[in-house]
Structure formats: structure tokens, C-alpha cells
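All the letters of the sequence shown, read from the start, carry residue numbers 58 to 457 under the numbering used here.
For each residue, glycine too, the CB sits at the ideal point set by N, CA and C.
Bear in mind that the values here come from a model prediction, so they are computed numbers and not experimental data.
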Amino acid sequence: MVPSEYRLPDPAQRDLDAEALLALGRLDGALGAVRPTTLRLFAIRLLRDLLVAVLRQEGHAFTDQRFHAWFAGVATLSDQPPRLARSPRVLCEAVLTELTHSSWEVLAELAARFQAALLAPGDHIGSDIADETARQDAYAIVVAARDLIAELEPSPLPLSALERLHRAVGEHVLFALPERAPEPIAIGSIRLTVERAGAPSPRWALEMLWGEHWRAAGLMAHALPLPGLIRLDALRADTPSGRAEPDEAPTILATALRDVAQGLCGNLTEADQLARRLEDSQPGRRRSSRAPALLELLAGFGPMRSAQIEALLGATRLGVRTMLGALDKVGMLERTTLAGVHLYSVNLDARVAEDANDLAVSSTFSSAALGEYEAAMADIDALLARSGVSLDEADWEDEP
Numbered sequence: 058m059v060p061s062e063y064r065l066p067d068p069a070q071r072d073l074d075a076e077a078l079l080a081l082g083r084l085d086g087a088l089g090a091v092r093p094t095t096l097r098l099f100a101i102r103l104l105r106d107l108l109v110a111v112l113r114q115e116g117h118a119f120t121d122q123r124f125h126a127w128f129a130g131v132a133t134l135s136d137q138p139p140r141l142a143r144s145p146r147v148l149c150e151a152v153l154t155e156l157t158h159s160s161w162e163v164l165a166e167l168a169a170r171f172q173a174a175l176l177a178p179g180d181h182i183g184s185d186i187a188d189e190t191a192r193q194d195a196y197a198i199v200v201a202a203r204d205l206i207a208e209l210e211p212s213p214l215p216l217s218a219l220e221r222l223h224r225a226v227g228e229h230v231l232f233a234l235p236e237r238a239p240e241p242i243a244i245g246s247i248r249l250t251v252e253r254a255g256a257p258s259p260r261w262a263l264e265m266l267w268g269e270h271w272r273a274a275g276l277m278a279h280a281l282p283l284p285g286l287i288r289l290d291a292l293r294a295d296t297p298s299g300r301a302e303p304d305e306a307p308t309i310l311a312t313a314l315r316d317v318a319q320g321l322c323g324n325l326t327e328a329d330q331l332a333r334r335l336e337d338s339q340p341g342r343r344r345s346s347r348a349p350a351l352l353e354l355l356a357g358f359g360p361m362r363s364a365q366i367e368a369l370l371g372a373t374r375l376g377v378r379t380m381l382g383a384l385d386k387v388g389m390l391e392r393t394t395l396a397g398v399h400l401y402s403v404n405l406d407a408r409v410a411e412d413a414n415d416l417a418v419s420s421t422f423s424s425a426a427l428g429e430y431e432a433a434m435a436d437i438d439a440l441l442a443r444s445g446v447s448l449d450e451a452d453w454e455d456e457p
């Protein structure tokens, strides 16, 4: 593509390009300036949004509420799964497994923890062969995406890199626009031939990994997944019906980059506001408590059952029940019951007690037990201090 092919006049295209590059720069700059709590909340939300985007790209239709129920293992993802859609659980497994290798440590650690929290039902119950075939198919998609990106030289020019990516995608046998294929059907004695769309392009794998490419090029400090970056209308397919007009492509690519970057900037702003609200919502709690981590998970990802929380926090059932009970007593917990299972979410509009000791007073433990707990915590404080480790650092270490 050369400037003479642009449909928009040069000044208009340059303005759009500048908007896209400015949005990408603002996103990268903001990520380097936010607090750790904000970054964790942003990463949790990004992980959830990526999983949802992957499933919807594959043709699965569902609401956010249905996604959380499915992820918790209490419902199917949809009542009528698409004919050609890949297994939703296997897709999520593939995404989480790949992200455990992310160069962005925050995202890699989250992906590893959420592997244990994926309780969604399998799609090939009783058929180990079909299940293994589905896993190999999903793994092959990720490998193909990794290989395609590896063949592209890192470029300091985001839009040029995005143009080369779309050109490579349009020429790839797996990622190109799906072609409609004739399929014979029989209705009684009548035989007909109909055209059916092929399986959707699994571009989600490229969007998941493209952040690593831009990080290698020095364009981003963190390798963010970028759902929505690859636009089907910009792909250069082999058939005339599957390709965009050459003069439209620069506009489409710049618009896609701008929209994705601005959307992530908006998510980062929301994560920062959420972090401040969470801090204001927990007066008087010990800094060593896991309650902040629980609030982050529920506020960032969405409704979860207690078994998921246990896996994510590395906590016992009693410990999770105690934390949930404390939040419930101050009105910060909401629950939905599906198939006899409670899904918990946070209510940030609740009026939190101003007394710093309300959570301790509302606890089911006796004053003697609380006294023993405080004494034990003081001993741990002293032990960690002698070891050169702060209680905050110890509390956020990975659980076994």
C-alpha cells in the first residue's frame, strides 16, 4: 500500500494514524505509572476479557452471567453450541497454558492460578480420544500463530507492523478468511447442495501473542493480549469476495489500533478507580489479610464459587468461608445460587462500617481466639523481620 492508494486524503489519514499512535503511547506510558494493585486488577480484567473474546470469536453465543456460571462448572456455556465451534473448555485451557509463558509476570502468574479455577464442564465426556484431539487442535492453532509472528521482523512502526501482520494472516491457510464450501444434504428423497461457512478464523491466537512482538520491538513495556486488533475486513484473502479495498485498509488498521488502545486505556482507568474504592472499602483490616486479594479477584474477574477462590488464593475451605462471612456481615458480598451452588461477587456500593474494629467484632471467633491470633501474628512479624522479609511481601508470595 502506498499513499496514493488511500481513500482518505493524506491529512485525514495522517490525523487518524496520529490518533492511533498517540493512544498506543498513552497506554504504554500509563501502564508504567500505575500502582501494583491497579496493574493486578487490570490484568485480571484483561484475562477475563480475552477468554470471553476467544469464545465469541469461535462462534459461541452467551451472556457474561452465563460465562461465569460455565467457568464455575454449574452450567453449559450455551444452549445451542455452534456446529463448527471448537470446545470452549479446551480453548480456555489453551489460552491459559500459553499465557503462563508470558514475559509479563503479572499475567503469567494469574494465568497459572486460573488454570486451577477453570471448573467448566468438558465437551467430550467419556471420549478421551475426542478430548485429546480437541486439545491437539487448539495447541496447533497456538503454535501456528507463534510461528507466523516469528517470521515477521520486529518494526518500530506499529502501523507498518500491523499491515504486515494482516497481509501474512490473509495468506495463511489457517488464519485467512474462511471460505464457504458446498455441502450435499438429503431431505427425504430430495438431494440438495447448500453452501455453509467454514470454521471461523482463529485470529484470537495472534491477538493473544502479538503483544510479545511489539514488546520485542520496544513499542510496549508489557506483552499485552490485544483482543480485537485483527480486523477481518482488512484481511487480504485470495478471493475477491474476502478482501478489503486497498484504499480502505490503512483506515481500517489505524482505527483498529486506536480503538483497542483506547479501550485498554479506559480499562486501566477503571482499574485504578476500582483499586481506590477497594482500599476505601476495607478499613481496619490487617495488611496481612487475604481479604484484599479476595476483593481484587471478585471485583476484577467477576462472580466465582468458593472452590475457585480456594484454588486462586491457596486457602482452605474454612479460611475462604471466614473471609466471605466477614464481607457478608458488612454488606459487601452478593451471592447468586445456580444448581445449588453459590456464586459470590462484591457489592462496592455497600456502606462499610467506619469503626476500624467492626470486622473483628463481627467475627465468629471469641475474643480469646482473636487475642491468640494477634499474638501469633506478632510472632510472625518478628520472625519475618529477622529474616529480612516484610509481612506484605510474605502475604503476596505464590501459594504452593
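In the DSSP assignment, I247 is bridged to I244. Judged by their CB atoms, L351 and L370 are nearer to each other than the 8 angstroms cut-off. Per the coordinates, the alpha-carbon of G397 lies some 11 angstroms from the alpha-carbon of A132. For E305, DSSP records no beta bridge to any residue. DSSP links V403 through a beta bridge to L390. Residue environment: A328 is assigned as buried (16 or more neighbouring CB atoms within 10 Å of its CB, all protein chains considered).
L81 is positioned such that its CB atom lies no closer than 8 angstroms to that of T308. Three or more Cβ pairs closer than 8 angstroms define a contact, and the segment 92-101 falls short of that threshold against the segment 146-156. By the criterion of at least three beta-carbon pairs nearer than 8 angstroms, the segment 350-364 is in contact with the segment 387-407. The residue among E305, M389, L286 and A278 with its C-alpha nearest the C-alpha of V91 is A278. Taken through DSSP and simplified to helix, strand or coil, V230 comes out as coil. A77 places its beta carbon 8 angstroms or farther from that of L281. The Cβ atoms of L231 and A201 lie closer than 8 angstroms to each other. Membership of L104 in the alpha helix (DSSP H) is indicated by the continuous run P93 to Q114.
One alpha carbon belongs to A356, the other to A126, and they sit about 16 angstroms apart.
In the structure shown, M380 falls within a helical segment according to DSSP collapsed to helix, strand and coil. Each of P284, P213 and A318 was checked against the Cα of W271, and the nearest Cα belongs to P213. Between L176 and F128, the gap from beta carbon to beta carbon is short of 8 angstroms. Membership of M265 in the alpha helix (DSSP H) is indicated by the continuous run W261 to A273.
Looking at the DSSP output, L395 shares a beta bridge with V398. For M361, the pairing in a beta bridge is given by DSSP as Y401. Annotation for Q330: no residue places its beta carbon closer than 7 angstroms to its own, counting only its chain and skipping 5 residues before and after.
Annotated three-state conformation of T312 is helix, per DSSP. Ranked by how close their Cα comes to the Cα of R378, the residues R347, L405, E353 and L395 have R347 in first place. Ranked by how close their Cα comes to the Cα of L263, the residues Y196, P68 and A243 have Y196 in first place. Only residues of its own chain outside the window of five on either side were considered, and among them A332 have a CB closer than 6 angstroms to the CB of T94, listed in chain order.
For P68, the uninterrupted alpha helix (DSSP H) run begins and ends at D67 to L88, by DSSP. Here DSSP, grouped into helix, strand and coil, assigns F119 to coil. Boundaries for R143: no alpha helix (DSSP H) harbours it, and the DSSP string shows neither H nor E there. Close CB contacts of V317 within its chain, under the 6 angstroms cut and outside five residues either way in sequence, are with L283, G285 and L286 (chain order). Residue range E162 to A174 is occupied by the alpha helix (DSSP H) that includes A174. In the same chain as C322, and ignoring 5 residues on each side of it, the C-beta atoms closer than 8 angstroms to its own belong to A80, R83, L84 and A87, in chain order. A Cβ-Cβ contact shorter than 8 angstroms links L141 with G116.
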